[in-house]
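Peer 1:
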Amino acid sequence: MKVPRTTFPGLAGCRGVRLRFGRTVALDDLSFAVEKGETVAITGPSGCGKTSLLHVLSGLLRPDAGEVYFGSRELSAESDAARSRLRLTSFGFVLQFGDLVPELTLGENVELPLRMTGVRAAVAHRRALHLLEELGIGDLASRQAGAVSGGQAQRAAVARALVHEPQVVFADEPTGALDSTSGEAVLDCLFAAARQRHAAVVVVTHAAEVAQRADRVVRMRDGRVLETVAAR
Ligand SMILES: Nc1ncnc2c1ncn2[C@@H]1O[C@H](COP(=O)(O)OP(=O)(O)OP(=O)(O)O)[C@@H](O)[C@H]1O
Ligand SMILES: [Mg+2]
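Following the numbering used here, the numbering of the sequence shown begins with 358 at its first residue and continues without gaps.
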């Protein structure tokens with residue numbers, strides 16, 4: 358008799374995940390789920406496993422034990438190539454320091470995820486420009502990424518994370534390098550644009566103002582979830 362497939366809660370998540378780096382336990386029997394369109398902030402002290410959790414959820418790292426899933430797919434059982442493809446099509450990423458290509462314009466940077474999935478240049482160009490306009494930096498589309506402010510670069514990074522209409526955006530301290538005013542503006546952009554597209558956001562942060570904007574806050578300690586709080 359065929360054993361029925363386990364169903365997973367939410368859109369994406371993990372169950373009973375353990376991850377070690379040598380003798381360091383980064384994630385310890387951790388379970389987490391995010392719903393479609395939900396925004397979740399992950400907080401906790403340095404070294405508690407926040408970045409490791411994002412890497413596991415997005416399929417960049419395969420855990421030593423436990424299951425990682427997206428929809429009905431079990432990522433932890435899939436090949437590196439399949440997980441890479443999924444990252445390209447269904448996930449978006451925003452990192453702490455504008456990891457834009459400095460020699461390209463903001464527009465070209467935002468087009469990249471579309472071009473990498475075979476979208477025609479003219480269409481990619483139009484969609485990138487449209488999103489940059491929505492995020493308030495349309496006038497900078499042809500400026501080199503190396504010649505904009507930190508806040509403008511992070512807005513472009515938000516545009517690049519969303520331009521291919523991903524289902525989940527993973528953001529690792531996206532405002533960590535900004536002052537609080539431009540940080541808040543970037544977050545407002547990220548959350549508003551994601552909510553409008555029903556994309557889920559999992560954002561790692563040390564900043565209280567980030568956590569306040571999320572639907573739910575997950576506090577971590579020593580590779581585990583300490584508590585989950587509905588923020589709004
Ligand atoms: N590539 C690696 N090699 C060895 N140990 C690692 C590696 N990456 C993370 N670790 C360890 O795993 C634990 C969790 O690290 P992680 O980067 O997930 O923490 P974090 O919560 O994101 O911290 P921070 O707030 O400082 O970014 C830490 O003890 C860290 O030193
Ligand atoms: Mg980290």
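Even for Gly, the Cβ is constructed at its ideal location relative to N, Cα and C. Quick caveat, the model's predicted, so the values are computed rather than measured.
In the structure shown, what three-state DSSP assignment does leucine 368 receive?
Peer 2: coil
Peer 1: Does the count of Cβ pairs from the region 512 to 532 and the region 463 to 473 closer than 8 Å reach three?
Peer 2: Two segments are said to touch when three or more pairs of C-beta atoms, one from each, lie closer than 8 Å; by this definition the region 512 to 532 touches the region 463 to 473.
Peer 1: Given this structure, state the Cα-to-Cα distance separating arginine 430 from glutamate 424, to the nearest angstrom.
Peer 2: 10 Å
Peer 1: By how many angstroms is the C-alpha of proline 531 removed from the C-alpha of threonine 562?
Peer 2: Distance between the alpha carbons of threonine 562 and proline 531: 8 Å.
Peer 1: Is there at least one non-hydrogen atom of ligand 2 closer than 7 Å to the beta-carbon of threonine 596?
Peer 2: Not covered by the structure: residue 596. The range shown for the chain is 358 to 589.
Peer 1: Considering only the alpha carbon of each residue, which of Asp456, Leu488 and Val575 lies closest to threonine 400?
Peer 2: Val575
Peer 1: Any chance the CB of threonine 532 is under 7 Å from a heavy atom of ligand 2?
Peer 2: no
Peer 1: If you follow the alpha helix (DSSP H) that alanine 542 is part of, which residue opens it and which one closes it?
Peer 2: 537 to 553
Peer 1: Short of 8 Å in beta carbon distance, which residues of its chain neighbour serine 447, apart from the five on each side in sequence? Order them along the chain.
Peer 2: In the same chain as serine 447, and ignoring 5 residues on each side of it, the C-beta atoms closer than 8 Å to its own belong to Phe427, Pro523, Gln524 and Val525, in chain order.
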